[in-house]
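Notes follow once the structure below has been shown.
Residue numbers (my numbering): 17 to 232.
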């Protein structure tokens, strides 16, 4: 989200601007990816570490020119500032995935539980898509969000249980950020994520949901 007064029309216009992000989160990774896509480095901008709830007040006060964060804070900024807030088109630049993670030992000892859990997610996916209005009601109540705020961003999310190359790209992007910033254990290098992405349980339920090109 950018302040209209900052005159940011393209990613390259971020040069010299004050950009808020939240250190140690996907917001920081996204900011790094955004700057690279703009042909910029952190030295070309002023990075301001803020919590998501602090970003709207900072923009309203004129102390930052743009911010990178997650919903509902982006939607709230647009709602509160109106024409004073303009989203920058960064579609396709970065994807956040929500991953199901278990230990190898748990998977080996409880294959039936893992299978049933994945089946329940697939069932939930179908229900979400078939009943969006009711789904919004349920999730808004569970998360404490206002229904209209959730409804306004509902289509920004992709409800699809799958294993595809997108997750590899996201994992590598986060790992590259850690290696570049020194935020990693001593001696760390880029992992081979294909060794920890287990496709068999989901493939057994619905093989069409597994499209990892790097996997046999």
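Cβ coordinates follow ideal geometry from the N, Cα and C atoms, glycine included.
Owing to the predicted nature of the structure, the values given are computational and were not obtained by experimental measurement.
Beta-carbon proximity list for residue i, same chain, < 8 Å, skipping 5 on both sides
i	result
residue 166	88, 152, 155, 156 and 159
residue 188	206 and 209
residue 196	48
residue 59	none
Nearest-angstrom Cα separation, counted from residue j out to residue i
i	j	result
residue 141	residue 25	36 Å
residue 224	residue 185	20 Å
residue 64	residue 131	43 Å
residue 91	residue 128	40 Å
residue 163	residue 145	17 Å
Residue from the options whose Cα sits closest to the Cα of residue i
i	options	result
residue 35	119, 84 and 54	84
residue 110	68, 182, 117 and 196	182
residue 114	137, 194, 62 and 163	137
residue 96	216, 76 and 103	76
Contact set for residue i: own chain, Cβ-Cβ below 7 Å, skip 5 residues either direction
i	result
residue 99	20
residue 148	170
C-beta contact flag for residue i and residue j at 7 Å
i	j	result
residue 105	residue 33	no
residue 212	residue 219	no
residue 54	residue 28	yes
Cβ shell of residue i (< 6 Å), same chain only, five flanking positions each side left out
i	result
residue 112	42
Proximity test, residue i beta-carbon vs the ligand PLP heavy atom, cut-off 6 Å
i	result
residue 58	Absence of the ligand PLP is noted for the structure shown, with no ligands found whatsoever.
Completely contained alpha helix (DSSP H) runs for the stretch 170-209, where each covers 4 or more residues
181-197
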